[in-house]
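Enquirer: For the sequence shown, the positions run 113 to 464 when the numbering used here is used.
Beta carbons: idealized from backbone N, C-alpha and C, even for Gly.
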Amino acid sequence: MEPYRVGFVGTTAPHSFLFLDTLRLIPDTAGEIHLVEPDAPRAAKAGADAVYDGLDEMLERGRPHICFIMLPTDEVEGPAIRCAEAGIPLVIDKHVANTSAAIRRILAACERGGVKMSTCYTWRYSPMAQDIRRWVEEGVVGQPYCFDARMVTTSAALRTQDPQFAWLFDHERSGGGILIWLGCHYIDLIRFILQRRVEAVCAMTSRLTDVPSSVEDVASVSFRLEGGLVGTLHCAYVMPDGLGDAYDSGFVVWGDQGDITWAPVHRPHPTVVVRTKHPGWPAERGQTVAYDEKLVPQAYGGTQFVVDYFRDMIRRLVAGEDHIVTGEDALRVVEICEAAYRAAATGWQVAL
């Protein structure tokens, strides 16, 4: 019965405190928060209902219905497996783990424990992404030929100033740079919207920053999807402070009957531009489809659909059901990133 007791393991993942703030927005679903955090200042900042020094103590005394694993990606595997084998469903901050092998072991533990897991590729829940997926499926652009996506954001110099994010620039801990940390959202969107398997990738990466870092801050990936559809993704940590927006992002799909353009950025009145010769698209609808997005500044992602994503995710996982983003989806994204890194290192196309 809701509200559910929530286990919360760690606060060192970048979005830990935003996740806690988001859970507090859905008290009908997320009830008591049982935190594992031995660091006293961090525990005090979290403001959980109960705090424990260790995971086993929390599992025994807190008896959570669901556990959020909020640790750096190189520390996730052990606690995630422990929770899964105890029969507790999991939410793990994206990109889940620093290797696909670790995610496979976590998924195997979920199978043994009879539980599901998810992560927060929240754009799938946006009305824009869901409409674009449906329009592509209905043939609004005709046969899709190609696509382009981009994720450009603030520089490594700015991001490494925040200790909550600094570990992301250590390859051994994170598994990669901007491609795996933020490009992951767009790889997931490509899979979700186009509903086709990624068959092969080529890639180039570069590290141009002069701050201490062992990961790329620029990446360009070319994809071949099943059916011959091809596309690109460009990612960069580059924007200086003071430009206003911290993100410049976009997604376009072109087909033989038209194209669809969208900028996946959280703002009050997002739009999607549809140009099509499809006879089922009413002329009076025009080319620009406007949406009214409710902003929720205290939530992760800052919008109502992300709050709804959290509520639905908890309910489905506790019920033993798949969420809109499954553990297998998380695995596919990291496998694609790893293939892109191999392609960049070798100069060869890498098949998946």
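1) I need the DSSP call for residue 158, collapsed to helix, strand or coil.
2) With C-beta atoms as the reference, is residue 199 less than 8 Å away from residue 163?
3) Of the choices 140, 229, 180 and 193, whose alpha-carbon is the least far from that of residue 431?
4) Does the Cβ of residue 287 have 16 or more other Cβ atoms within 10 Å, making it buried, or fewer, making it exposed?
5) Do we get a CB-CB distance below 8 Å when we pair residue 115 with the residues of chain B?
6) Identify, in the order they occur along the chain, each residue of the same chain with its Cβ nearer than 8 Å to the Cβ of residue 218, setting aside the five sequence neighbours on each side.
7) Between which two residues does the alpha helix (DSSP H) harbouring residue 299 extend?
8) Please classify residue 374 as buried or exposed, where buried requires at least 16 other C-beta atoms within 10 Å of its C-beta.
9) Quick one: is residue 113 buried, meaning 16 or more other Cβ sit within 10 Å of its Cβ, or exposed?
10) Decide if residue 320 is buried, meaning its Cβ has at least 16 other Cβ atoms within 10 Å, or exposed.
11) With a threshold of 7 Å on Cβ separation, who are the neighbours of residue 402 within its own chain once the five nearest residues in sequence on each side are excluded?
12) Can you tell me the Cα-Cα spacing of residue 160 and residue 144, whole angstroms?
13) Is the CB-CB distance between residue 437 and residue 215 below 8 Å?
14) Counting only the same chain and skipping the five closest in sequence on each side, list residues whose C-beta sits under 6 Å from that of residue 234.
15) In whole angstroms, what separates the C-alpha of residue 268 from that of residue 323?
16) Out of 315, 350, 303 and 347, which has the shortest C-alpha to C-alpha gap to residue 442?
17) Inspect the CB distances between the stretch 274-290 and the stretch 117-132 and report whether three or more fall short of 8 Å.
18) Taking the C-alpha atoms as reference points, what is the distance between residue 180 and residue 294?
19) Closer than 7 Å by C-beta to residue 448: which residues in its own chain qualify, once you throw out the five before and the five after it? Chain order, please.
20) Check the C-beta distance from residue 182 over to residue 122 and give it rounded, since I have them as a contact under 8 Å.
21) Does residue 444 pass the burial test, meaning 16 or more other C-beta atoms within 10 Å, or should it be called exposed?
Expert: According to the data block:
1) The answer is helix: DSSP assigns residue 158 an H, G or I state.
2) If you check the CB distance, residue 199 and residue 163 do not come in under 8 Å.
3) The shortest Cα separation from residue 431 among 140, 229, 180 and 193 belongs to 229.
4) So residue 287 ends up on the buried side.
5) Included in the structure is just one protein chain, with no chain B present.
6) For residue 218, where only same-chain residues beyond five positions count, the Cβ hits under 8 Å are 188, 189, 192, 193, 196, 202, 204, 208, 209, 229 and 439.
7) Where residue 299 is concerned, the enclosing alpha helix (DSSP H) stretches over 295-306.
8) By the 10 Å Cβ count, residue 374 comes out buried.
9) In this structure residue 113 is exposed. Its beta-carbon is surrounded by fewer than 16 other beta-carbon atoms within 10 angstroms.
10) That one is exposed.
11) The residues are 381 and 383.
12) Taking the straight line joining both Cα atoms gives about 8 Å.
13) No; because the gap between Cβ atoms is not below 8 Å, this pair is not in contact.
14) Closer than 6 Å at Cβ, skipping near neighbours: 413, 418 and 421.
15) C-alpha separation (whole angstroms): 7 Å.
16) Nearest to residue 442 by C-alpha distance, out of 315, 350, 303 and 347, is 303.
17) With a cut-off of 8 Å, the stretch 117-132 and the stretch 274-290 count as touching, because enough Cβ pairs lie within range.
18) Answer to the nearest angstrom: the Cα atoms are 20 Å apart.
19) 299, 310, 313 and 464, listed in sequence order.
20) Residue 122 and residue 182 do touch by the CB rule: their CB atoms are close to 5 Å apart, below 8 Å.
21) Within a 10 Å sphere around the beta-carbon of residue 444 sit 16 or more other beta-carbons, which makes this residue buried.
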